[in-house]
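Undergrad: Before I ask anything, here is the structure I am working with.
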Amino acid sequence: MEKDSRNSDFLHVGNKILEWYGNNARDLPFRQTKDPYKIWICEIVFQQTRINQGLNHYNNFIKRFPDVKTLAEAEENEVLLYWKGLGYYSRAINIHKAAQQIMNDYHGVFPDQYEEILKLKGVGKYTAAAVSSICFGGRMPAVDGNFYRVLSRLFADNFDISNSKAFTYFSELAGLVMPENVGDFNQAMMDIGSEICKPKNPLCGECPINEDCLAFSIQKIADYPVKTKKVKAEDLALTYYFVHRNGQFLIRQRKEDFIWKKLFEFPDAISSNMETCITGSKTVNHKLTHKNLSIEIINVEVTSEKIWNDFIDENQYLITDVEGSHEKSFPKPLENYIQNSLKD
DNA sequence: CAATCGTGGAG
DNA sequence: TCTCCAAGATT
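Every letter in the first sequence is one number past the one before it in the working numbering, and letter 123, counting from 1, is 126.
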């Protein structure tokens, strides 16, 4: 039976990728260390997040929380503050809990085994593989979106990446290609995926493995990866009241298991005797992955001290001002609203 | 296990 | 304007 040359000896592909990485690795702050703490933080920050989008957050986070102990001892709200604007805020909650796990269960020493790293809150198979391979010589492929794309093109493989078994499937494909240095290989695949084998307009001419790439050879790059499921965003209307008096305004912390959990927000209702204080409103549209939000923010200018105080007492709202809001984490549209309120 | 969780940039 | 999607994890 005739075998395509691409179907044997895949190891040379991995070595080509490593060689390319040696000359083309991006110069990123977390590339200059093997401190598992820093690598862990960077892996969490950059989940579903582009490098340019998360770089400042990463640097600021490391500066404020340079080690596990500092992070574990911090207040949850301050950890959330350093996550402000980054999205997927449960990452901040989990990263804080995981730091406490490391202090309590591992005496403050970052676990060096894949199975142990996997037990940390917010750490899944991808992150455990990345940290263990980069920092401790672990040998698991860090299969992420880049792996799906590069491998599905390399093998012209139709496996649906929205299938829940995609991780296992592409882990096996990765195993065919994976060379000795798994840590560098994992990082190399991410760089190739984001710099060369891009979702749109990939730079196949510059790709170190274009001679091995089946999709490239049959001119079908755009057909891979296959992804059948599309997320549909539903419309959702929210109403907030920007209740303010003498430069101060009212907020509270979200608690329900819903969007923006544990972030701060404005009141979503006012007392009946406040309705005469309404001076206008503004509607902001904001897109989340699964929701198209239409947020109406009603301006309530309270003049009566009694009405102000009664409302706060009844609902246990917190009082802040623009300056104080800098110390709390708000959803992006509310953060924007607060900053714009300066211009009045 | 399919649905859910942000934000911003590219095309 | 609109769609896709980016170093995923959790429930």
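For every residue, glycine included, the Cβ atom is placed at its ideal position computed from N, Cα and C.
Since the model is a prediction, treat every value here as computed from it, not as a measurement.
For ASN63 and LEU291, what's the separation of their Cα atoms in angstroms?
TA: Counted from its first residue, the first sequence places residue 63 at position 60. Counted from its first residue, the first sequence places residue 291 at position 288. Approximately 25 angstroms, taken between the alpha carbons.
Undergrad: With distance defined between alpha-carbon atoms, name the residue in ILE212, LYS223, GLN190, LEU31 nearest to ASN204.
TA: To locate residue 204, count along the first sequence from 1; it is residue 201. The candidate whose alpha carbon is nearest that of ASN204 is LYS223.
Undergrad: According to DSSP, is GLY125 helix, strand or coil?
TA: Locating residue 125 in the first sequence gives position 122, counting from the first residue. Correct three-state label for GLY125: coil.
Undergrad: Starting from the N-terminal side, write out each stretch of the alpha helix (DSSP H) that is 4 residues or longer and does not extend beyond the segment 19 to 64.
TA: Counting only runs of 4 or more, we get 39 to 48.
Undergrad: Bridge partners of VAL287, per DSSP?
TA: By one-based count along the first sequence, residue 287 stands at place 284. Partner(s): ILE298.
Undergrad: Determine contact between the segment 296 to 307 and the segment 125 to 139, defined as no fewer than three beta-carbon pairs at a distance below 8 angstroms.
TA: The segment 296 to 307, when compared against the segment 125 to 139, does not touch it at the 8 angstroms Cβ threshold.
Undergrad: Is it true that the segment 167 to 184 meets the segment 111 to 122, where meeting means three or more beta-carbon pairs spaced less than 8 angstroms apart?
TA: Touching, no, given that fewer than three Cβ pairs across the two stretches are closer than 8 angstroms.
Undergrad: So, helix, strand or coil for GLU78, using DSSP?
TA: Stepping through the first sequence from its first residue, residue 78 is reached at position 75. Coil at GLU78, not helix or strand.
Undergrad: Would the beta-carbon of LEU31 fall within 9 angstroms of that of ILE54?
TA: What you label residue 31 is simply residue 28 of the first sequence in a count that begins at 1. What you label residue 54 is simply residue 51 of the first sequence in a count that begins at 1. Going by C-beta atoms, LEU31 is nearer than 9 angstroms to ILE54.
Undergrad: Could you have a look at THR279 and say whether DSSP puts it in helix, strand or coil?
TA: Sequence index remark: in the first sequence, residue 279 carries index 276 (1-based). In the structure shown, THR279 sits in a helix (DSSP, three-state: H, G or I).
Undergrad: Okay, do the segment 241 to 259 and the segment 175 to 193 touch, 3+ Cβ pairs below 8 angstroms being the bar?
TA: Touching, no, given that fewer than three Cβ pairs across the two stretches are closer than 8 angstroms.
Undergrad: What residue does the alpha helix (DSSP H) around ALA101 start on, and which one ends it?
TA: Along the first sequence, one-based indexing puts residue 101 at 98. Per DSSP, ALA101 belongs to the alpha helix (DSSP H) from 93 to 108.
Undergrad: In terms of residue numbering, what span does the beta strand (DSSP E) encompassing ARG241 cover?
TA: Residue numbering aside, residue 241 sits at position 238 when the first sequence is read from its first letter. Inspection of the sequence shows that residue 241 is occupied by Leu rather than by Arg. Note, LEU241: beta strand (DSSP E), 237 to 248.
Undergrad: If the criterion is Cβ atoms closer than 9 angstroms, does the pair LEU206 and LEU157 meet it?
TA: Here residue 206 refers to the residue found at position 203 when the first sequence is read from its first residue. Here residue 157 refers to the residue found at position 154 when the first sequence is read from its first residue. No; because the gap between Cβ atoms is not below 9 angstroms, this pair is not in contact.
Undergrad: Measure the C-alpha to C-alpha separation of TYR244 and ARG152 and round it to an integer number of angstroms.
TA: One-based indexing of the first sequence puts residue 244 at position 241. One-based indexing of the first sequence puts residue 152 at position 149. So the alpha carbons of these two residues sit roughly 45 angstroms apart.
Undergrad: Using the Cα positions of LEU296 and ILE212, report the straight-line distance between them to the nearest angstrom.
TA: As a first step, residue 296 must be located in the first sequence, where it is residue number 293. As a first step, residue 212 must be located in the first sequence, where it is residue number 209. The alpha-carbon atoms of LEU296 and ILE212 are separated by roughly 43 angstroms.
Undergrad: Taking TYR320 as the reference, which of LEU253, LYS264, GLU304, ASP260 has the closest Cα?
TA: By one-based count along the first sequence, residue 320 stands at place 317. For TYR320, the nearest C-alpha among the options comes from LEU253.
Undergrad: Mark ASP194 as exposed unless 16 or more other C-beta atoms lie within 10 angstroms of its C-beta, in which case mark it buried.
TA: Sequence index remark: in the first sequence, residue 194 carries index 191 (1-based). Buried: at least 16 other Cβ atoms inside 10 Å.
Undergrad: I'd like to know whether the C-beta atoms of ILE322 and SER274 end up nearer to each other than 9 angstroms.
TA: For the purposes of this step, residue 322 is taken as the residue at position 319 of the first sequence. For the purposes of this step, residue 274 is taken as the residue at position 271 of the first sequence. No.
Undergrad: If you draw a straight line from the alpha carbon of ILE65 to that of CYS280, how long is it in whole angstroms?
TA: By one-based count along the first sequence, residue 65 stands at place 62. By one-based count along the first sequence, residue 280 stands at place 277. If you take the alpha carbons of ILE65 and CYS280, they lie about 44 angstroms apart.
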